[in-house]
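Take a look at the structure below.
Number of protein chains: 2
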Amino acid sequence: MLSTLDLQELLRGASLRVTRPRMAVVSAVLANPHADTESIIAAARAELPELSHQAVYDSLRTLTAAGLLRCFQPAGSLARYEFHVENNHHHVVCRLCGFIADVDCAVGKASCLTPSSDHGFVIETADVIYWGLCPSCSS
Amino acid sequence: MLSTLDLQELLRGASLRVTRPRMAVVSAVLANPHADTESIIAAARAELPELSHQAVYDSLRTLTAAGLLRCFQPAGSLARYEFHVENNHHHVVCRLCGFIADVDCAVGKASCLTPSSDHGFVIETADVIYWGLCPSCSS
DNA sequence: ATGCTTCTTTTGACTCATTCAAGAAAACAT
DNA sequence: ATGTTTTCTTGAATGAGTCAAAAGAAGCAT
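These protein sequences, in sequence, are chains G and S.
The opening position of the first sequence corresponds to residue 34 in our numbering, with each subsequent residue numbered one higher.
The opening position of the second sequence corresponds to residue 34 in our numbering, with each subsequent residue numbered one higher.
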């Protein structure tokens with residue numbers, strides 16, 4: 034877990050103002066990886082009760098744009114956030130219960146960023162979501 | 034383009050009743066790959082003006098559940114549909130203009146379905162979305 | 001063909017995640 | 001401290017998608 038000072042450092046390093054809502058949002062995401070916005074609002078309010086939902090939406094967008102958080106959205110689900118780490122990984126989502134786990138990239142680090150034909154696109158990132166059944170739902 | 038009879042055959046083959054809304058929706062998706070629901074409603078109404086939006090939502094869900102269509106949803110975008118074909122492919126989405134193109138699977142057919150560690154999940158499908166800039170936006 | 005049963009569609013209202021807007025407050029630089 | 005700029009609060013609005021009940025087709029059996 035990162036300390037308050039670490040979090041401030043993190044925000045300043047991204048040229049962002051250090052505000053209590055942003056601190057609370059980053060903490061909430063760190064404590065609840067893969068959480069949707071509503072859960073993040075609840076978790077952040079445990080630390081800062083007066084926090085408005087709008088501030089959370091704004092913070093999430095700002096922090097994501099700054100590269101501190103990563104947003105992903107399994108089809109049909111709400112937006113979910115996680116702390117951005119450099120080791121590229123993807124997600125397995127249980128088709129029944131919605132449980133999400135991290136998985137490493139399939140065939141080495143960069144392979145998922147190299148489609149066989151790119152139609153002239155300059156490709157920057159890849160979102161990979163595996164759908165299936167988690168251990169408890171598959172039994 | 035498939036004929037009316039082909040489409041009927043397709044629906045019957047999936048044990049679905051042949052209705053005019055479903056025919057119109059399948060035609061619309063065939064004619065507009067990667068279209069979102071609103072575009073599909075508009076395209077289907079060109080063929081069947083009285084069509085309700087609810088019928089389109091129902092048809093899309095039914096046809097997708099039957100495996101005739103495939104639904105994908107780039108994060109932050111609306112749900113999009115395409116005719117389901119067996120050759121597994123993924124999508125490149127332009128971060129600026131939203132243009133979508135198909136790309137084949139990165140490293141052979143099955144590789145994207147094989148994460149390095151699966152956490153005990155039984156994996157059924159994988160959604161892969163590449164984000165980047167299309168040729169016109171990157172210049 | 002006719003009628004019956006079941007599945008679809010229409011209609012219209014509703015939900016709820018997310019966004020918009022304007023004024024108030026907080027953060028930072030000087 | 002003061003002023004400027006960014007961020008937050010408040011409250012309302014947007015809009016894709018869903019729900020529900022009654023009306024209407026599709027398909028099956030007689």
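Each residue gets a CB set at the ideal place from its N, CA and C atoms; glycine is no exception.
As the structure is a prediction and not an experimental result, all values here were calculated from the model.
For a contact meaning CB atoms closer than 7 Å, what does residue i contact in chain S?
| i | result |
| --- | --- |
| G/Gly131 | By Cβ distance, chain S contributes nothing, its closest Cβ being about 13 Å from G/Gly131, past 7 Å. |
| G/Tyr114 | In chain order: nothing, as chain S lies at least about 11 Å away. |
| G/Thr158 | Trp164 |
Quick one: list the residues of chain G neighbouring residue i, beta-carbon separation under 9 Å, in chain order.
| i | result |
| --- | --- |
| S/Pro168 | His152, Gly153, Phe154 and Val155 |
| S/Arg94 | Simply none; closest approach about 11 Å. |
| S/Val125 | Pro148, Asp151, His152, Phe154 and Ile156 |
Could you check which residue in the options has the C-alpha nearest to that of residue i?
| i | options | result |
| --- | --- | --- |
| S/Leu129 | S/Pro168, S/Pro54 and S/His122 | S/Pro168 |
| G/Leu44 | G/Leu102, G/Ala88, G/Gly165 and G/His152 | G/Leu102 |
| G/Arg78 | G/Ala99, G/Pro54, G/Leu63 and G/Thr97 | G/Pro54 |
| G/Gln41 | G/Leu96, G/Thr70 and G/Leu84 | G/Leu96 |
| G/Asn121 | G/Gly109, G/Cys170 and G/Ala159 | G/Ala159 |
| S/Cys104 | S/Val89, S/Asp69 and S/Glu80 | S/Asp69 |
| G/Ala134 | S/Ala76, S/His86 and S/Phe154 | S/Phe154 |
| G/Leu111 | G/Leu49, G/Met56, G/Ser171 and G/Glu71 | G/Glu71 |
| G/His67 | G/Thr52, G/His86 and G/Phe132 | G/Phe132 |
| G/Glu80 | G/Arg94, G/Gln87 and G/Met56 | G/Met56 |
Run down chain S in chain order and give the residues with a C-beta less than 9 Å from the C-beta of residue i.
| i | result |
| --- | --- |
| G/Tyr90 | Within 9 Å Cβ-Cβ: nothing; G/Tyr90 doesn't reach chain S, min ~13 Å. |
| G/Gly24 | Limits of chain G in this structure are 34 at one end and 172 at the other, which puts residue 24 of chain G out of reach. |
| G/Ser171 | Gly153, Phe154 and Val155 |
| G/Val51 | Near G/Val51 there are no residues of chain S at all, since even the closest Cβ is about 27 Å away, more than 9 Å. |
Quick one: measure Cβ to Cβ for residue i and residue j, integer angstroms, because I've assumed they're closer than 8 Å.
| i | j | result |
| --- | --- | --- |
| G/His124 | G/Ile162 | 5 Å |
| G/Ser36 | G/Val58 | No, G/Ser36 and G/Val58 are not in contact; Cβ-Cβ is about 16 Å, not under 8 Å. |
| G/Ile73 | G/Asn65 | 7 Å |
| S/Ser127 | S/Leu63 | One detail in the question is off: residue 127 of chain S reads as Cys in this sequence, not Ser. With 8 Å as the limit, S/Cys127 and S/Leu63 do not qualify as a contact, their Cβ atoms being about 23 Å apart. |
| G/Trp164 | S/Glu157 | 6 Å |
| G/Val136 | S/Asp151 | 7 Å |
| S/Gly109 | G/Gln106 | 7 Å |
Is residue i buried or exposed, if buried means 16 or more other CB atoms sit within 10 Å of its CB?
| i | result |
| --- | --- |
| G/Lys142 | Only weak support exists for where G/Lys142 lies, its pLDDT of 48 falling under 50; the value from the coordinates is given anyway. Exposed, by the Cβ-count rule. |
| S/Glu115 | buried |
| G/Asp39 | exposed |
| G/Ala98 | exposed |
| S/Arg113 | buried |
| S/Cys47 | Correcting the residue identity first, residue 47 of chain S is Ala in this sequence and not Cys. Exposed, since its Cβ has fewer than 16 Cβ neighbours within 10 Å. |
| G/Pro82 | exposed |
| G/Ser60 | buried |
| S/Leu84 | buried |
| G/Met34 | exposed |
| G/Val184 | Within the shown structure, residues of chain G are numbered from 34 to 172, placing residue 184 of chain G beyond reach of any answer. |
| S/Thr52 | exposed |
Would you say the beta carbon of residue i comes nearer than 7 Å to a heavy atom of the ligand GTP?
| i | result |
| --- | --- |
| G/Phe116 | As presented, the structure is devoid of all ligands, the ligand GTP included, so that no description of it is given. |
By the criterion of Cβ-Cβ separation under 8 Å, what are the contact partners of residue i in chain S?
| i | result |
| --- | --- |
| G/Ala134 | His152 and Phe154 |
| G/Arg128 | Glu157 |
For a contact defined as C-beta to C-beta under 7 Å, what are the partners of residue i on chain G?
| i | result |
| --- | --- |
| S/Gln69 | Rather than Gln, the amino acid found at residue 69 of chain S in this sequence is Asp. None at all; the shortest Cβ gap to chain G is about 13 Å. |
| S/Val118 | By Cβ distance, chain G contributes nothing, its closest Cβ being about 16 Å from S/Val118, past 7 Å. |
| S/Val58 | Within chain G, no residue comes near S/Val58; the closest Cβ sits about 19 Å away, beyond 7 Å. |
So with CB distances below 8 Å, who are the chain G contacts of residue i?
| i | result |
| --- | --- |
| S/Val62 | Within 8 Å Cβ-Cβ: nothing; S/Val62 doesn't reach chain G, min ~16 Å. |
- Message: At 4 residues or longer, what runs of the alpha helix (DSSP H) sit wholly inside the region 72-115 of chain S?
- Response: Those alpha helix (DSSP H) runs which fall completely within the region 72-115 of chain S and span 4+ residues are 86-98.
- Counting only runs of 4+ residues fully inside the region 39-71 of chain S, write out the alpha helix (DSSP H) ranges in chain order. 53-64
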